[in-house]
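Residues in the sequence shown are numbered consecutively from 636, following my numbering.
For each residue, glycine too, the CB sits at the ideal point set by N, CA and C.
Data first, discussion second: the structure below is written as structure tokens.
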Amino acid sequence: MRKLALITAISLVLAGCGGGSSESSNTNEAQTPSSIQGTIDSVSGDTIVVNGYSYKVGSANYAGEEVAIADLEKNMMVSISSNARSASTHASGTQVGLEPTIVGLIANTNHANGTFEVNGIPLTFSALSTEIEDGDWVMVSSLPTANAGYKVLSVVKFEHSNLTESVEVEGLISELNSNAKTFKLGANLSVDYSNAHIDNEDYSSELSNGLWVEVTGSITGSVLTANEVEVEDFDEVSNDTEIEGIITWVANDQSSFDLSYKGRFVVNNSTRYEDGNKSNLTVGAEVEVTTKKANGDNVATEIEFERDDDTQDWNDNDIDLEGIVQSIDESALSFVIQTTSGNQTVYVNHNTRYEDGLTFDTLTNQRVEAETYKVNNQYIASEIEAEDND
């Protein structure tokens, strides 16, 4: 197989054409999204197809290094910047960036059953190349699974360089200990962020359970020692951006949903659907979402349904809790709710939405319904509303 050749300098000439329909090819540039985040459908010479749109690529990059176009492969996760629409007429420095979920050394490979580990994380990929061996540096592109794991889309070998010595892992935070500066990432990776820079953009520098983060650092034994922890979200996506992902939470009235644990999209009467309808908005559905900003929200203008992840029982992790809030813990960003089956601790973060005039500080003694998802047996609130609001 090819190896990623990492070189220097960043420049890109990218031309967009095509559209979301498989029935015809349309070169009308207005139909090409201003930005796109998704997987490569196919590669032919210097042309790639992402989410059904064709782009002529001048160069691509990862972590500040240029990646040879010949080394791009199907199912690699990429992003194309907002300059892509004008790139066909202006040779500007538009970027195609590689967006792997995990970067590191591969180990314990078993090509017979497609199992392996990267950074101590057990993974499975039936199409794992036999040319990939223990000790190789690889990029893994994936989608989240219901059990805080990873559905692997591609595994690509690349040449190690001084600028790629750091490993990278994206995943959900759980078991956060803000005093010890540790947390679990994904299902089982321990992270020490005591000396890490926290990038949380417009929010406080504090981390919270249930956030999707990108951690870069080094592996020491079974611990990822972080240099940087960056909270991943969709807060600053531009209008007409198309994003590929998996639905990880849906409001009970299907008025909104979360995509890949990173952020929320609002559905309204103008939302268009392709290969499905509003009733198909369920956890575990893989979709491509086109969005615009309205009143501070990301509004889904179009949702294209790709497939359902039938390998995971997503509904087991989508849980509503009803009862009276007994107390709140401001330092842990959690509250205790008394339900008919006993007390449960629920965590909140900056993605949690409050309805009916509720706020975190006013939850005590309120009878509420908390729509939650589970990460390593911890409940994370997506939405909290007064229980009798329905």
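Output needed for residue i: all residues of its chain with C-beta closer than 7 Å, excluding positions within five of it in sequence on either side, in chain order.
i    : result
D953 : W884, V918, Y1008
T999 : V960, S962, I963
Let me check one thing: in DSSP terms, what residues is residue i bridge-paired to?
i     : result
P779  : Y785
H832  : E863
G770  : G770 pairs with nothing; no bridge assigned.
A886  : Note: A886 sits in no beta bridge, so no partner.
P668  : In the DSSP output, where bridge partners are listed per residue, P668 has none listed.
Y1008 : D953, I1015
A1068 : It is not possible to answer for residue 1068, since the shown part of the chain is limited to 636 through 1025.
D932  : A929
Q973  : I959, N978
N812  : T817
Looking only at its chain, what residues have a beta carbon closer than 6 Å to the beta carbon of residue i, apart from the 5 residues adjacent to it on each side?
i     : result
A1016 : V981, V983, T987, A1005, T1007
D771  : I741, K792
T598  : Lying outside 636 to 1025, the shown extent of the chain, residue 598 is not represented and no answer is given.
E909  : E939
T780  : K786, Q947
Select from the options the residue whose C-alpha is nearest the C-alpha of residue i.
i    : options                : result
L824 : N830, K691, D771, E752 : E752
A886 : K913, S677, T876       : K913
Q730 : V775, N814, Y690, E865 : Y690
N743 : L733, V702, N754, E734 : N754
I715 : T936, S670, N686       : S670
E700 : A783, T674, E794       : E794
A783 : L993, Y697, Y908, N844 : N844
W949 : G687, E921, I972, T817 : E921
M712 : Y697, I675, F760, I808 : I675
E990 : S890, T759, E871       : S890
S813 : L842, R907, I737, L820 : L842
N745 : I737, S761, T736, E810 : S761
S776 : L993, G673, F970       : G673
D943 : E768, A698, S873, L778 : L778
T736 : I767, D888, Y697       : Y697
Straight-line CA distance for residue i to residue j?
i     : j     : result
D706  : F940  : 29 Å
T662  : S905  : Low confidence applies here, because T662 scores a pLDDT of 38, under 50, leaving its location unreliable and the question unanswered by this model.
E1022 : G958  : 8 Å
Y1014 : S679  : 45 Å
A831  : S801  : 13 Å
V787  : E923  : 18 Å
T765  : G856  : 27 Å
L916  : I882  : 8 Å
I833  : V866  : 8 Å
T926  : F892  : 13 Å
E879  : G693  : 23 Å
S895  : Q1001 : 30 Å
F869  : G898  : 5 Å
V576  : V790  : Nothing can be reported for residue 576, as the shown portion of the chain is limited to 636 through 1025.
A1067 : G852  : This structure does not reach residue 1067, given that the chain is present from 636 up to 1025, and the question cannot be answered.
K928  : T936  : 10 Å
F995  : L956  : 16 Å
D681  : V858  : 39 Å
A695  : E734  : 11 Å
N835  : E805  : 14 Å
T876  : P668  : 6 Å
V934  : I808  : 26 Å
G732  : I1019 : 36 Å
L758  : N978  : 35 Å
N739  : K819  : The amino acid occupying residue 739 in the given sequence is Gly; Asn does not appear at that position. About 18 Å.
V1010 : G931  : 28 Å
E803  : H985  : 23 Å
F970  : L811  : 15 Å
V1003 : S976  : 15 Å
In three-state DSSP terms, what is residue i?
i     : result
T876  : strand
S659  : Because the pLDDT at S659 is just 35, under 50, the model does not fix this residue reliably, and the value given afterwards should be weighed accordingly. Residue state, collapsed to three classes: coil.
T750  : strand
D1023 : helix
S801  : coil
N745  : strand
D868  : coil
D996  : helix
N716  : Note that residue 716 corresponds to Ser in the displayed sequence, not to Asn. Three-state DSSP puts S716 in coil, outside helix and strand.
S914  : helix
T674  : strand
A722  : Residue placement at A722 cannot be trusted, given a pLDDT of 43 that sits under 50; the coordinates are not used to answer.
E937  : strand
S857  : coil
V850  : strand
G755  : coil
Between residue i and the rest of its own chain, which residues show a CB-CB distance below 8 Å, the 5 nearest in sequence each way excluded?
i     : result
S677  : I683, V684, K709
T974  : L956, E957, G958
N1012 : none
N862  : S801, N830, A831, H832, T851, G852, S853
L763  : T744, H746, G749, F751, V790
E871  : E836
Can residue i be considered in contact with the ligand NAP, in the sense that its beta carbon sits closer than 6 Å to one or more heavy atoms?
i    : result
P735 : Summarising the ligand content, the structure contains no ligands, and the ligand NAP is consequently not present.
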